[in-house]
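Here is the structure we will look at, set down as structure tokens.
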Amino acid sequence: MGRVRVMDETRARQLLSDERVRVVSALSDVTSDALDDRAAEQDTGDIADPASSLTDESADDQVGELLRQRLAALDRAEERLAAGTYGRSVRSGRPIPDERLEADPAAELTVDEAG
Numbered sequence: 002m003g004r005v006r007v008m009d010e011t012r013a014r015q016l017l018s019d020e021r022v023r024v025v026s027a028l029s030d031v032t033s034d035a036l037d038d039r040a041a042e043q044d045t046g047d048i049a050d051p052a053s054s055l056t057d058e059s060a061d062d063q064v065g066e067l068l069r070q071r072l073a074a075l076d077r078a079e080e081r082l083a084a085g086t087y088g089r090s091v092r093s094g095r096p097i098p099d100e101r102l103e104a105d106p107a108a109e110l111t112v113d114e115a116g
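Be aware that the sequence shown starts at 2, since it is given in this note's numbering, and climbs by one per residue.
So this is what it looks like as structure tokens:
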């Protein structure tokens, strides 16, 4: 059986960096939206349905939490890259195909293991 190629370190770093920029930007947007929603709730001149702003706040909080989890996953991927284990399943050690890493640079498992 031949040796399985693991993604080039330079490409992996670029993918992780690009994804971090995207997630940090999205988190900044969500945080700003959440502050706007909370400020609108405090605006006594608005007769809008108060449940609507609470729903918006809850959605912002949930999206923000998912984005923070994504940043943590990127941190773990960068740690694996530094340790020389990036591109391998954290469960089995099997290689994660480059196509999967291109789609999700923080992937920790193969498609079969994640499914």
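Just so you know, even glycine gets a beta-carbon here, dropped at the ideal spot from N, CA and C.
Whole-angstrom distance between residue 99 and residue 114, CA atom to CA atom: 16 Å
Span of the alpha helix (DSSP H), counted from its first residue to its last, around residue 101: Where residue 101 is concerned, the enclosing alpha helix (DSSP H) starts and stops at 99-104.
Cβ distance (whole Å) where residue 101 is taken to contact residue 112 below 8 Å: Their Cβ separation, rounded to whole angstroms, is 6 Å, which keeps residue 101 and residue 112 in contact under 8 Å.
Endpoints, alpha helix (DSSP H) assigned at residue 112: 112-115
Collapsed DSSP secondary structure at residue 23 in the structure displayed: helix
Counterpart residues of residue 77 in DSSP-defined beta bridges: Bridge partners of residue 77: none, in fact.
Same chain, Cβ closer than 8 Å to residue 10, neighbours up to 5 away in sequence not counted: 82, 87
Beta-carbon proximity check, residue 75 vs residue 17, cutoff 8 Å: Yes.
Alpha carbon of residue 7 to alpha carbon of residue 97, nearest angstrom: In this model, residue 7 and residue 97 are separated by some 8 Å (Cα to Cα).
Anticipated Cβ contact below 8 Å, residue 84 with residue 107, distance rounded: Cβ-Cβ separation between residue 84 and residue 107: approximately 15 Å, too far for a contact (criterion under 8 Å).
When 31, 14, 91, 103 are compared against residue 68, the one with the closest alpha-carbon: Out of 31, 14, 91, 103, 31 has the C-alpha closest to the C-alpha of residue 68.
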